[in-house]
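Heads up: the structure comes next, in structure tokens.
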Amino acid sequence: MSPDEFRAAGHAAVDWIADYLEGIEEHPVLCPLEPGAVRRRLPASPPEEGEPFDALLADLDRVIVPGLTHWQSPSFFGYFPSNTSPPAILGDLLCAGLGVQGMLWATSPACTELESLVMDWLVQALSLPDAFLTTSKGGGVIQDTASSAVLTALHVARERAGGARKLPRLMIYTSTQAHSSVAKGAKVAGFHPQQIRAIEVDDSLAMRPDALRVAMAVDAASGKLPCFVCATVGTTSTTALDPVPEIARATQEHGAWLHVDGAYAGSAAICPELRFVNAGLEHADSYCFNPHKWLLTNFDCTCFWVRDRAPLLEAMSILPEYLRNAATESGAVIDYRDWHVPLGRRFRALKLWAVMRCYGLSGMQAHVRRHVSLAQTFAGWLDGHERFERIGEVPLGLVCFRHVGGNESTEALRDHLNASGELYLTHTKVGDDLLLRMAIGGRLTEESHVRAAWDQMVAWSEANP
Ligand SMILES: *Cc1c(COP(=O)(O)O)cnc(C)c1O
0 MSPDEFRAAG HAAVDWIADY LEGIEEHPVL CPLEPGAVRR RLPASPPEEG EPFDALLADL
60 DRVIVPGLTH WQSPSFFGYF PSNTSPPAIL GDLLCAGLGV QGMLWATSPA CTELESLVMD
120 WLVQALSLPD AFLTTSKGGG VIQDTASSAV LTALHVARER AGGARKLPRL MIYTSTQAHS
180 SVAKGAKVAG FHPQQIRAIE VDDSLAMRPD ALRVAMAVDA ASGKLPCFVC ATVGTTSTTA
240 LDPVPEIARA TQEHGAWLHV DGAYAGSAAI CPELRFVNAG LEHADSYCFN PHKWLLTNFD
300 CTCFWVRDRA PLLEAMSILP EYLRNAATES GAVIDYRDWH VPLGRRFRAL KLWAVMRCYG
360 LSGMQAHVRR HVSLAQTFAG WLDGHERFER IGEVPLGLVC FRHVGGNEST EALRDHLNAS
420 GELYLTHTKV GDDLLLRMAI GGRLTEESHV RAAWDQMVAW SEANP
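So this is what it looks like as structure tokens:
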């Protein structure tokens, strides 16, 4: 591809994306295809000779788009949102265009320094503890996912507690509602499943600090070493909020590491009135949230902070001869390869920088506020209807509910809604109850989309009394 061909194809690709986003409501939200349907429509072997880029764009329309579930649709209410935005899309494109490796400060100083800057901007924007600032003892790094963040935290906690030598005695605590990435991270970090205690939750599905205290005391009394506690702010199932201040006090008594997982809910702190999600963070050893969920930034973008970077660097640093350089040896720079598992890293800060500059704090606040307000509206509709039962609180953008007919009716309702192609939502289970989750957080989601979903629900309930 010559520079001129690249320019033409590049313009065509951006036009294609703009058209896709403008027309996104024309597609069924949930992909209706059977397994294998996409692959069957594409050649089994690569082309012998190069093809024009246009041919690829044509196949996007013909084969790929029909094989997608449209996560950016304003009527996508499943899981949690996975926001993108035009500035972030362009930031990712620029990242690809520059193609730098930011593993060390020396391999591209701007890649490191912009990342430290946007992470420090976020500390201010979200009103996070000052200790998280790069200019302080701690600091932040962009990782790929919250799963990698909790794995990193587990690794540091394990090393700090004595590493492989002590591993068989080390214990992990998290609630029964914690994300599966905690158990997965523990597995990768070499823990046996019996080294994880799933702490009971209260009626709001938040971790019970008294139960945590008891579990840690019982373990300590039998010679085990409480090593790591993961609290969740905004659980995946129902956005329950673990009481971090009380959990922190219990954790500190045993000198364990406290990681706070705010993957979805952390974005809410952009709004001053929603900063209850930050309660107790000043006691967290590490914290993460995902701008790639609710803060307008394309996947992948997880922000991970530590209160003190010394144990992180201690656990992660390895310096082979071929990476030695004067800047690293001077101690005056950050080398982000020491802040996560991979060595190589791309320039992810560009997309966050683009989002923060193009939206400004006020634009990001408006985005989050709209969803929180729509979730309240939807909850109000549920509360006023005798065939639906809202379950739990609605602190942010997620509303859980069920049909009064029970699990079978609730499941039938879900399947009916999703088969319509006009919206998509997913379920969870609390105890024996199947609940539907209406996660309102799309960049393009307006009240009309929530209203259309509601109208469909009501119509179904009237047809199925
Ligand atoms: C979504 C989610 C995760 C996992 O996020 P990834 O970035 O995909 O690894 C972890 N914890 C919670 C609470 C989540 O909601």
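Note that numbering that gives the first Met the number 0 gives residue 409 to position 410 of the sequence shown, counting from 1, and the numbers run on in steps of one.
By construction, the Cβ of each residue, glycine as well, lies at the ideal position given by its N, Cα and C atoms.
The structure presented is a predicted model; accordingly, all values stated were derived computationally and were not measured.
**Message:** Counting C-beta neighbours from all protein chains within 10 Å, is the total for G343 16 or more, i.e. buried, or is it exposed?
**Reply:** Residue environment: G343 is assigned as exposed (fewer than 16 neighbouring CB atoms within 10 Å of its CB, all protein chains considered).
**Request:** Go ahead and label R196 buried or exposed: buried means 16 or more other beta carbons lie within 10 angstroms of its beta carbon, across all protein chains shown.
**Result:** The residue is buried, with at least 16 neighbouring Cβ atoms inside 10 Å.
**Message:** Within the continuous alpha helix (DSSP H) that includes C94, where are the two ends?
**Reply:** Per DSSP, C94 belongs to the alpha helix (DSSP H) from 85–97.
**N- and C-terminal bounds of the alpha helix (DSSP H) containing L56** = Here the alpha helix (DSSP H) through L56 covers 52–58.
**Item:** Residue span of the alpha helix (DSSP H) that contains G379, given as start and end
**Value:** For G379, the enclosing alpha helix (DSSP H) starts and ends at 348–382.
**Request:** Locate the beta strand (DSSP E) running through W104, then write down its first and last residues.
**Result:** Membership of W104 in any beta strand (DSSP E) is not indicated, and neither H nor E is assigned to it by DSSP.
**Asked** Helix, strand or coil for L125 per DSSP?
**Response** L125 falls in the coil class under three-state DSSP.
**Request:** Tell me whether R38 is buried or exposed, calling it buried when 16 or more other Cβ atoms sit within 10 Å of its Cβ.
**Result:** The residue is exposed, with fewer than 16 neighbouring Cβ atoms inside 10 Å.
**Request:** Pull up the distance between the alpha-carbon of G98 and that of V457, whole angstroms please.
**Result:** Rounded to the nearest angstrom, the two C-alpha atoms are 51 Å apart.
**Asked** How about the region 354–361 and the region 69–86: do they share at least three Cβ pairs that are nearer than 8 Å?
**Response** Flag = yes, the region 354–361 and the region 69–86 touch.
**Asked** Taking 7 Å as the line, does the beta carbon of G391 fall inside it for any heavy atom of ligand 1?
**Response** Annotation for G391 indicates a beta carbon at 7 Å or more from all heavy atoms of ligand 1.
**Asked** Between V332 and P341, what straight-line distance do the alpha-carbon atoms span, to the nearest angstrom?
**Response** Roughly 19 Å separates the two Cα atoms.
**Asked** Between which two residues does the alpha helix (DSSP H) carrying Q193 extend?
**Response** No residue range can be given for Q193, since it is assigned to no alpha helix (DSSP H) and is classified by DSSP as neither H nor E.
**Item:** Neighbourhood of T175 by C-beta distance below 6 Å, restricted to the same chain and skipping five residues each side
**Value:** Cβ neighbours of T175 within its own chain (closer than 6 Å, five residues either side excluded): A197, V200.
**Request:** Name the residue from T409, R347, V117 whose alpha carbon lies nearest to the alpha carbon of L93.
**Result:** Nearest option by C-alpha distance: R347.
**Prompt:** Which class does I317 belong to by DSSP, given the choice of helix, strand or coil?
**Reply:** Residue state, collapsed to three classes: coil.
**Prompt:** Tell me which same chain residues have a C-beta within less than 7 Å of the C-beta of S316, skipping the five on either side of it?
**Reply:** Taking S316 as the centre and dropping the five residues before and after it, the same chain places the C-beta of D337 closer than 7 Å to its C-beta, in chain order.
**Request:** Could you tell me the distance, in whole angstroms, from the CA atom of Y358 to the CA atom of V117?
**Result:** Spanning the two alpha carbons is a distance of roughly 14 Å.
**W459 (DSSP reduced to helix, strand or coil)** = Here W459 sits in helix by DSSP.
**Item:** Residue range of the beta strand (DSSP E) that includes K390
**Value:** In the sequence under discussion, the amino acid at residue 390 is Ile, which differs from the Lys named in the question. Run containing I390: 387–390, per the beta strand (DSSP E) assignment.
**Asked** CA-CA distance, A185 and N324?
**Response** If you draw a straight line from the Cα of A185 to the Cα of N324, it comes to about 34 Å.
**Prompt:** Going by Cα to Cα distance, which pick from G233, A418, D209, E446 is closest to C287?
**Reply:** Selected option, being the one with the closest Cα: G233.
**Request:** At 4 residues or longer, and completely inside the region 396–436: list those alpha helix (DSSP H) runs for me, N to C.
**Result:** Entirely contained in the region 396–436, the alpha helix (DSSP H) runs reaching 4 residues are, in chain order, 406–418.
**Message:** Given the structure, does F76 come close to ligand 1, in the sense that its CB is under 7 Å from one of the ligand's heavy atoms?
**Reply:** Not so, every heavy atom of ligand 1 lies at least 7 Å from the Cβ.
**Item:** Assigned exposure category for Y172 - 16 Cβ within 10 Å defines buried
**Value:** With 16 or more Cβ atoms within 10 Å of its Cβ, Y172 is classed as buried.
**Request:** Use the C-beta contact count for Y423: other C-beta atoms within 10 angstroms, 16 or more gives buried, fewer gives exposed.
**Result:** That one is buried.
**Message:** Using only CA atoms, which one of S179, A130, D14, W104 lies nearest to S329?
**Reply:** The shortest C-alpha separation from S329 is found at W104.
**Asked** Ends of the beta strand (DSSP E) at V213?
**Response** Taken as a continuous stretch (DSSP letters only), V213 belongs to no beta strand (DSSP E), being part of the alpha helix (DSSP H) at 208–220.
**Prompt:** Cβ of F79 within 7 Å of any heavy atom in ligand 1?
**Reply:** Relative to ligand 1, the beta carbon of F79 is positioned inside 7 Å of a heavy atom.
**Request:** With distances taken Cα to Cα, identify the nearest neighbour of L257 among T237, G379, E281.
**Result:** Measuring from the Cα of L257, the nearest candidate turns out to be E281.
**Request:** Could you tell me if H191 is buried or exposed, where buried requires 16 or more neighbouring beta carbons within 10 angstroms of its beta carbon?
**Result:** It counts as exposed.
**Item:** Distance between beta carbons of L412 and A438, contact taken as under 8 Å
**Value:** That belief does not hold up - the Cβ atoms of A438 and L412 are roughly 16 Å apart, past 8 Å.
**Request:** Out of V28, N82, L55, state which residue places its alpha-carbon closest to the alpha-carbon of L67.
**Result:** Proximity to L67 across V28, N82, L55 peaks at V28, based on C-alpha coordinates.
**Prompt:** With respect to the beta strand (DSSP E) encompassing P42, which residues constitute its N-terminal and C-terminal limits?
**Reply:** Run containing P42: none; DSSP gives neither H nor E here.
**Asked** Under three-state DSSP, which class holds T250?
**Response** Reduced to three states, the DSSP call for T250 is helix.
**Request:** Measure the Cβ-Cβ separation of A262 and V243 and say whether it is below 8 Å.
**Result:** With respect to the 8 Å criterion, A262 and V243 are not classified as neighbours on the basis of their beta carbons.
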